[in-house]
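Per our numbering, residue 1156 is the first one in the sequence shown, and the count goes up by one each step.
Ideal Cβ positions, reconstructed from N, Cα and C, are used throughout, including at glycine.
Input: a single structure, listed below in structure tokens.
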Amino acid sequence: MVLSIFITLIILAVLIVSNKDLPHSVILFMGFGLASVILFFIFSAPDVALTEAVIGTGISGVVLLVTLLQIQRKELNK
């Protein structure tokens, strides 16, 4: 189980870096955070998992998506 999550994290990291579509990369980033949360729970670190879920995946993902939307709006107004 742990090995499959590690492999998933590696695949997600490669996809995030190699992807040209920024909104898609942000969604993959959020998936990476969720996979990390599962891994932290497996390693008996629920406090770290909760922090990663709230801050790393939730807040950071939303901030990145909102920023991308604002950038796209500004590009459309040019």
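Of the residues the options, which one's Cα is nearest the Cα of residue i?
i, options, result
"Met1168", "Thr1206, Met1156, His1179 and Phe1184", "In the sequence as displayed, the identity of residue 1168 is Ala instead of Met. Closest option to Ala1168, Cα to Cα, is Phe1184."
"Ile1165", "Ala1190, Asn1232, Pro1178 and Lys1175", "Ala1190"
"Phe1187", "Met1156, Asp1202 and Gly1216", "Gly1216"
"Val1157", "Asn1174, Ile1182, Ile1214 and Ile1193", "Ile1193"
"Thr1212", "Asp1202, Ile1197, Val1181 and Gln1227", "Val1181"
"Leu1220", "Asp1176, Phe1198, Glu1207 and Phe1195", "Asp1176"
In three-state DSSP terms, what is residue i?
i, result
"Leu1176", "Strictly speaking, residue 1176 in this sequence is Asp, with Leu absent from that position. Asp1176: coil per DSSP, three-state reduction."
"Met1156", "coil"
"Ser1199", "coil"
"Lys1229", "helix"
Less than 8 Å between the CB atoms is what I'm expecting for residue i and residue j, so what's the real figure, rounded?
i, j, result
"Pro1178", "Leu1223", "6 Å"
"Glu1207", "Phe1195", "6 Å"
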